[in-house]
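For the record, the sequence lines run as chains A and D.
For the record, in the first sequence the residue sitting at position 35 is 35 according to the numbering used here, with numbers rising by one throughout.
Start counting at 1 in the second sequence, then tack on 1000, and there's your number in the numbering used here.
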Amino acid sequence: MSIYKLGGTPLSDEEFKKIIKEITRPNAKYLMSAGQAYSVFFEGLRRGKIIGTYCERCGMIYVPPKIFCPYCFITLDKWVEVADEGKVVTAVASYYSANMERLKEPQIVGIIKLDVPGRTFTSYRFPGLLHRICGASLDDVISQRIFDARVKARWRPPEERKGDINDIECFEVIKT
Amino acid sequence: MKTNIHVKNRVAIIGAGLTLFRRRLLETPQEMAWIASKKALEQAGMDFKDIDCVISGSAPDAFDGVHMKGEYYSEGAGGFGKLHFRVFVGGGTGVFVPIAGWWMVASGLCKKALIVAEEKMSSAADPHPQAVFRHIWDPLIEKMLGPNLIWIFALEMHRYMHKCGVSKEDIALVSVKNKANALDHPCAQAAAKISVEDVLKSEVLVYPVNRLDISPVSDGAAALVMVSEDVARRYTDNPIWVAGIGFNLDSYSWTNRELAYPLYLKKAADMAYKMAGIENPMKQIDVAEPYDPFDYKELHHMEGLGLAPRCKAAELTKEGVTQRDGDLPINPSGGLLGVGNPIAAAGLMKVAEIFWQLRGEAGRRQVKKPVYTGLAQAWGDLMQVGTVIILRR
């Protein structure tokens, strides 16, 4: 049999299992430091505040924060608190977990463009977070009513907060 | 060639080869590289000993489970004792490999380059090859929310649908077309005759993405032979020239930017068009293979490439313009949706398809109209990189 002519030998799932020679599970646990910007951001979340950095040159507000402006190439050291409210720019309904296990009820997630009092941003650059959206139905997603809906952070009780992104339980729809 | 840059050598492609694309192949990454390379060399009329540099590409090491997989599989492409390097820009890699090959030959650093891309996704078997993608996000914020890869593409697709007024039915037409085109591809994994209704009725993974909106998980390899003009003239009467290349990267912070339009791809395409002397891509590109891991991406990318006006790619698709016998055939190979998606190899398969189309060697896939200039494109990293190559006969 010429493998060259075949251009490869397809296997079924059963055939594949028969020829497995090695099963490895890399046991690599990463302990990551949060960095200069996120350390402040996470501490803010613990206190129920969303904190970003501000670029004096282009006016961009970074949430999540950066210590540099990648557009202006300057170091940032001005912190600014943004509202824990904003607008949904896109949202979807997921039937699968991170490990591709089927969920019974779809989970709604989206990108939230956060409000900064006295400031407006184009849709090309804005402070925004990926997060779960609650108080919305599957139909709100399918009908696209969810787009531009106003949402507000639902915070976990202070004693349960850990100083990470899950200190916000979800962004709750307050007006579609 | 009208060019804005000085090159030492014009660069031609003179051979291409592919393995089968399948969910699981028996062959190791080295063996797949060997099979694809051998086929490309055979078409070029060359042997491994004729090659003076090997440029390769592959997606994350975590798929194959061999860290340093470039060094591992390159042996199957005759890669030691000569110049070898591996490039990686996520899903954009497949088209970035011949771009890197172009700069090696154009600069005069080598004259006969073997270009190889491979992916062995089946090795990352448990729980699922998708799980490898858990490690592409910002580890401190996004990963803590438990995302899967389909989330982010669904978010982009829905944003595009909302901003452009495009329906799921319109988008499904792309999957129907590409899977049907792939029926004529001898390496295809996911070729099928399906209807829009089949797509809409397939399992919803992350609304608005259904199973048949997505390309499959695949093993496979692809290869090209790229040479300088003087070498090309000795080996063939029918070289295909690299007329332009372009690549561009947007911000990793994908939750802080517009997803409905791929600005980075426009920049990559503009770079390639300038090099190729193309001012009106809609008229001057005869056939194209934009990256289609999801059906909406074909439309999204056509717009970024200027092959359709903004938000109008779905309309062109409905009118049949993008069919093989249409005015602007798009993904005549069957694309990733039909042929399969061994990530880096899938991008390089697109370049091979344009090569065969321009040579008139695409067999039953050959587009109806005469073609002189073609384009292949890939996309990747965190929805942030565009890679473009323009070929001309």
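For glycine and all other residues, C-beta sits at the position ideal for the given N, C-alpha and C.
Helix, strand or coil for Tyr30 of chain A, going by three-state DSSP, please let me know.
Coil at Tyr30 of chain A, not helix or strand.
For Pro106 of chain A, report the span of its beta strand (DSSP E) as first-last.
Element bounds for Pro106 of chain A: Arg102 to Leu114.
Please report the residue range of the beta strand (DSSP E) in which Ala1221 of chain D lies.
It spans Asp1219 to Ser1228 - the beta strand (DSSP E) in which Ala1221 of chain D sits, taken as one unbroken run.
Does the beta carbon of Val92 of chain A come closer than 7 Å to any beta carbon on chain D?
By this cut-off, Val92 of chain A is an interface position.
Of the residues D:Ala1012, D:Tyr1261, D:Thr1322 and D:Gly1326, which one's Cα is nearest the Cα of Cys1110 of chain D?
When only C-alpha atoms are compared, the closest one is D:Ala1012.
Since Ala1376 of chain D sits in a beta bridge, which residues does DSSP pair it with?
Ala1376 of chain D pairs with D:Glu1289 and D:Ile1389.
Express the C-alpha separation of Cys170 of chain A and Ile67 of chain A in angstroms, rounding to a whole number.
Roughly 26 Å separates the two Cα atoms.
For Arg1022 of chain D, I'd like the list of residues in its chain whose CB is within less than 8 Å of its CB, leaving aside the five on either flank, ordered along the chain.
Taken in chain order, the residues that qualify are Gln1189, Ser1218, Asp1219, Gly1220 and Gly1340.
Pull out every residue of the region 144-176 of chain A whose Cβ sits closer than 8 Å to any Cβ of chain D, in chain order.
So the close ones are Gln144, Phe147, Asp164, Ile165 and Asn166.
If you pair each beta-carbon of the region 1179-1196 of chain D with each one of the region 1126-1135 of chain D, do three or more pairs fall below 8 Å?
No, the region 1179-1196 of chain D is not in contact with the region 1126-1135 of chain D.
Just to confirm, is the Cβ distance from Ile1014 of chain D to Thr1236 of chain D under 7 Å?
In this structure, Thr1236 of chain D lies closer than 7 Å to Ile1014 of chain D by Cβ.
Buried or exposed: which applies to Gly1374 of chain D, given that a residue is buried once 16 or more other Cβ atoms fall within 10 Å of its Cβ?
So Gly1374 of chain D counts as buried.
Considering only residues of the same chain and omitting the five flanking positions on each side of Asp1250 of chain D, which have a CB-CB separation below 6 Å?
Only Tyr1264 and Gln1384 meet the Cβ criterion.
Expressed to the nearest angstrom, what Euclidean distance is found between the alpha-carbon atoms of Val151 of chain A and Phe1085 of chain D?
When rounded, the distance between both Cα atoms is 48 Å.
To the nearest angstrom, how far is it from the Cα of Arg25 of chain A to the Cα of Val109 of chain A?
Straight-line Cα distance between these residues: approximately 30 Å.
Please state whether the Cβ-Cβ distance between Val1388 of chain D and Ala1314 of chain D is less than 7 Å.
No, the pair does not count as a contact, with Cβ atoms beyond the cut-off.
If you run the structure through DSSP and keep just helix, strand and coil, what is Val1007 of chain D?
Val1007 of chain D: coil per DSSP, three-state reduction.
Can you find a C-beta in chain D that's less than 7 Å from the C-beta of Thr9 of chain A?
Cβ-Cβ to chain D under 7 Å: yes for Thr9 of chain A.
Please determine if the region 1223-1237 of chain D and the region 1027-1042 of chain D are in contact, where contact requires at least 3 C-beta pairs separated by less than 8 Å.
The region 1223-1237 of chain D is in contact with the region 1027-1042 of chain D.
Can you pull the chain A neighbours of Cys1187 of chain D, defined as C-beta to C-beta under 9 Å?
Per Cβ cutoff of 9 Å: Gly7 and Gly8.
Within 10 angstroms of the Cβ of Phe73 of chain A, are there 16 or more other Cβ atoms? Answer buried if so, exposed if not.
Phe73 of chain A comes out exposed.
Given that Asn1094 of chain D touches chain A, what residues does it touch there, using C-beta distances under 7 Å?
Per the sequence presented here, residue 1094 of chain D reads as Gly, with Asn not at that position. Simply none; closest approach about 17 Å.
Using the DSSP secondary-structure output, state which residues sit across from Ile133 of chain A in a beta bridge.
Ile133 of chain A pairs with A:Phe171.
Excluding five sequence neighbours on each side, which residues of the same chain lie with their C-beta closer than 6 Å to the C-beta of Asp115 of chain A?
Cβ within range, chain order: Ala83, Glu85 and Gly86.
Residue range of the beta strand (DSSP E) that Ser1056 of chain D falls in?
Looking at the DSSP string, the run of the beta strand (DSSP E) that includes Ser1056 of chain D is Cys1053 to Gly1057.
I want to verify the contact list: residues of chain A whose CB lies under 8 Å from the CB of Ile1150 of chain D, in sequence order.
Chain A residues near Ile1150 of chain D: Ser94 and Tyr96.
Name the chain D residues whose beta carbon is nearer than 8 Å to that of Ser137 of chain A?
The contacting residues do not exist; Ser137 of chain A stays about 12 Å from chain D at best.
Which class does Arg119 of chain A belong to by DSSP, given the choice of helix, strand or coil?
Here Arg119 of chain A sits in strand by DSSP.
Can you tell me whether Ile3 of chain A is helix, strand or coil according to DSSP?
Residue placement at Ile3 of chain A is flagged as unreliable, the pLDDT there being 46, under the threshold of 50; a coordinate-derived value is accordingly withheld.
Are the Cβ atoms of Ile1115 of chain D and Pro1129 of chain D separated by less than 7 Å?
It is not a contact, given that the beta carbons lie outside the stated cut-off.
Considering only C-alpha positions, which residue in the set D:Lys1179, D:Gly1320, D:Gln1284 and D:Arg1393 is nearest to Leu1307 of chain D?
Checked all of D:Lys1179, D:Gly1320, D:Gln1284 and D:Arg1393; the closest Cα to Leu1307 of chain D is D:Gln1284.
Between the region 113-125 of chain A and chain D, which residues of the former have CB atoms less than 7 Å from a CB of the latter, in chain order?
Against chain D - using a Cβ distance shorter than 7 Å - the residues of the region 113-125 of chain A are Ser123, Tyr124 and Arg125.
DSSP on Ala1314 of chain D, reduced to helix/strand/coil?
Looking at Ala1314 of chain D - three-state DSSP - the assignment turns out to be helix.
In terms of residues, what are the limits of the beta strand (DSSP E) holding Thr202 of chain A?
Lying before the first or after the last residue shown, residue 202 of chain A is absent from chain A, which here runs from 1 to 176.
Evaluate Ser2 of chain A with the Cβ neighbour count: other Cβ atoms within 10 Å of its Cβ, from every protein chain shown; 16 or more gives buried, anything less gives exposed.
Confidence is the limiting factor: at Ser2 of chain A the pLDDT is only 48, short of 50, which leaves the residue's position unreliable, though a coordinate-based value still follows. Ser2 of chain A is exposed by the Cβ-count criterion.
List, in order along the chain, the chain D residues whose C-beta lies closer than 8 Å to that of Tyr38 of chain A?
Neighbours of Tyr38 of chain A on chain D, chain order: Leu1140 and Ile1141.
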